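Structure record follows, encoded as structure tokens.
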Amino acid sequence: MAPLSEFELIRQFFSTLSAGRSDVVEGVGDDAALVDAGSGELLAACVDTLTEDVHFPADAPAEAVGHKALAVNLSDLAAMAARPTWALLALTLPQPDSAWLAGFSAGFRALAESSGVALIGGDTTRGPRRSVSVTLLGRVAADKVLRRRGARPGDRIFVSGTVGDAAAGLRLWQAGERHRAGAVGELLARLHYPTPRLALGAALGGLASAAIDVSDGLAADLGHILAASGVGARIEIERLPLSAALRQLFPLAEARQLALTGGDDYELCFTVPPSQEVRLRQAAARCGTAVTAIGVVEEAAGLRLVDGAGQALVLPQGGYQHFPAGPQP
Ligand SMILES: [Mg+2]
Numbered sequence: 001m002a003p004l005s006e007f008e009l010i011r012q013f014f015s016t017l018s019a020g021r022s023d024v025v026e027g028v029g030d031d032a033a034l035v036d037a038g039s040g041e042l043l044a045a046c047v048d049t050l051t052e053d054v055h056f057p058a059d060a061p062a063e064a065v066g067h068k069a070l071a072v073n074l075s076d077l078a079a080m081a082a083r084p085t086w087a088l089l090a091l092t093l094p095q096p097d098s099a100w101l102a103g104f105s106a107g108f109r110a111l112a113e114s115s116g117v118a119l120i121g122g123d124t125t126r127g128p129r130r131s132v133s134v135t136l137l138g139r140v141a142a143d144k145v146l147r148r149r150g151a152r153p154g155d156r157i158f159v160s161g162t163v164g165d166a167a168a169g170l171r172l173w174q175a176g177e178r179h180r181a182g183a184v185g186e187l188l189a190r191l192h193y194p195t196p197r198l199a200l201g202a203a204l205g206g207l208a209s210a211a212i213d214v215s216d217g218l219a220a221d222l223g224h225i226l227a228a229s230g231v232g233a234r235i236e237i238e239r240l241p242l243s244a245a246l247r248q249l250f251p252l253a254e255a256r257q258l259a260l261t262g263g264d265d266y267e268l269c270f271t272v273p274p275s276q277e278v279r280l281r282q283a284a285a286r287c288g289t290a291v292t293a294i295g296v297v298e299e300a301a302g303l304r305l306v307d308g309a310g311q312a313l314v315l316p317q318g319g320y321q322h323f324p325a326g327p328q329p
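When we follow this note's numbering, the leftmost residue of the sequence shown carries the number 1, and every step to the right adds one.
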């Protein structure tokens, strides 16, 4: 029997555990859950686990692990247009390591303070390898919340910042690159210290028709918007925003492949009705976050890639899957 994919596993065992509560506005299946907090406000909640040697290299700087454990959750709330407020931290360690913990807590603290998040509880346990699980809560007005569903044919597809950098950074790190300066340093920083797009996410509330954060790769994550919205899309591959560092160190075809399928960028991918495009560009400028139009939502299901001349291209293999389906080696 083929092993379950991450998504099939969730669907089969966990997607129907809401106990029929009427205050669960959005259960399992989006970037964060939404529960009714009363007075027109929703509480957004998400949890993400980073495991050593799976989500971060064992020799990753402790400060980077602390930063990233919170950043990936902030990114999920950004994709819902929610403002983060409270966090819980569950930490598994082989042994209490003061030097590692000092670095980890410094990285966590810096990002928590700059994003206005209070750590309000947690749990520490001993285990075979380091594992960090952060639960993050935040608030969003009911009429401003963003979801994956809501994209309509004709909507423009945007992505923030640049994509492919973190996957490129991981390749460099795995090849032993440790430079802090130059293009290598920039890509490694994108891997270890992702920037959650909180201000942009909040500004997209009531403006974008659908949104997701790019954690598993642009093609895969956009695919979630398309599936949830019951639509398809066309992406112009020449419009993908690539950083100068990525272009400097990787051939164009490989850079585009990384941009489409590499994970860990924590940019926002979202759709906007044409009537809102001017407002969107003004909002992005106010946030100081670059946004790039990369394609358009279409009625026919599926994701189509085209070059500048409109010629169809073959979609590379999809994004990162935690439990890839299919035959095991
Ligand atoms: Mg997400």
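Where is the CB? At the ideal position from N, CA and C, for every residue including glycine.
This structure is a prediction, so every number in the text was calculated from the model and none was measured.
Residue i: first and last residue of the uninterrupted alpha helix (DSSP H) it sits in
i, result
"D76", "62-78"
"D165", "165-174"
"R247", "244-249"
"A255", "252-261"
"L17", "Run containing L17: none; DSSP gives neither H nor E here."
"L111", "98-115"
Start-to-end residues for the beta strand (DSSP E) that takes in residue i
i, result
"E8", "First-last for E8: 6-13, but that is the alpha helix (DSSP H), not the beta strand (DSSP E)."
"F270", "268-272"
"V134", "131-141"
"A87", "83-93"
"G122", "118-126"
"R156", "156-160"
"A45", "41-51"
"A33", "33-36"
"V24", "24-26"
C-beta atoms of residue i and residue j nearer than 8 Å
i, j, result
"I225", "R148", "yes"
"P120", "A166", "Sequence inspection shows Ile at residue 120; the Pro mentioned does not correspond to that position. No, these two residues do not count as a Cβ contact at 8 Å."
"V296", "R156", "yes"
"S243", "R197", "no"
"L200", "L268", "yes"
"G255", "L246", "With the sequence shown as reference, residue 255 is identified as Ala, and Gly is not the correct amino acid for it. In contact: A255 and L246 (Cβ atoms closer than 8 Å)."
"P84", "L136", "yes"
"G230", "D143", "no"
"H192", "A60", "yes"
"G27", "S18", "yes"
"L258", "A168", "yes"
"S131", "V47", "no"
"A90", "D53", "no"
"G302", "T261", "no"
"V233", "E277", "The amino acid at residue 233 is misidentified as Val; the sequence shows Ala. Contact: no."
"A78", "D213", "yes"
"V145", "A81", "yes"
"R365", "P94", "What is shown of the chain runs 1 to 329, which leaves residue 365 out entirely."
"Y266", "S209", "no"
"G66", "G103", "yes"
"A300", "A203", "no"
"L240", "V163", "yes"
beta-carbon residue i near ligand 1 non-hydrogen atom, thresh 7 Å
i, result
"D213", "yes"
"A79", "yes"
"D265", "no"
"D123", "no"
"D31", "yes"
"D36", "no"
"D165", "no"
"D143", "no"
"D155", "no"
"D76", "yes"
Practice problem: Determine contact between the stretch 273-280 and the stretch 212-221, defined as no fewer than three beta-carbon pairs at a distance below 8 Å. | Solution: no
Quiz item: Per the contact definition of three or more C-beta pairs closer than 8 Å, is the stretch 69-77 in contact with the stretch 179-186?
Solution: no
Quiz prompt | Length at least 3, wholly inside the stretch 164-240: the beta strand (DSSP E) runs in chain order | solution = 210-213, 232-236
Quiz prompt | Sequence ranges, beta strand (DSSP E) only - wholly within the stretch 282-309, length at least 3 | solution = 291-298, 302-306
Exercise. Take every Cβ of the stretch 8-22, pair it with every Cβ of the stretch 107-125, and state whether three or more of those distances are shorter than 8 Å.
Key: no
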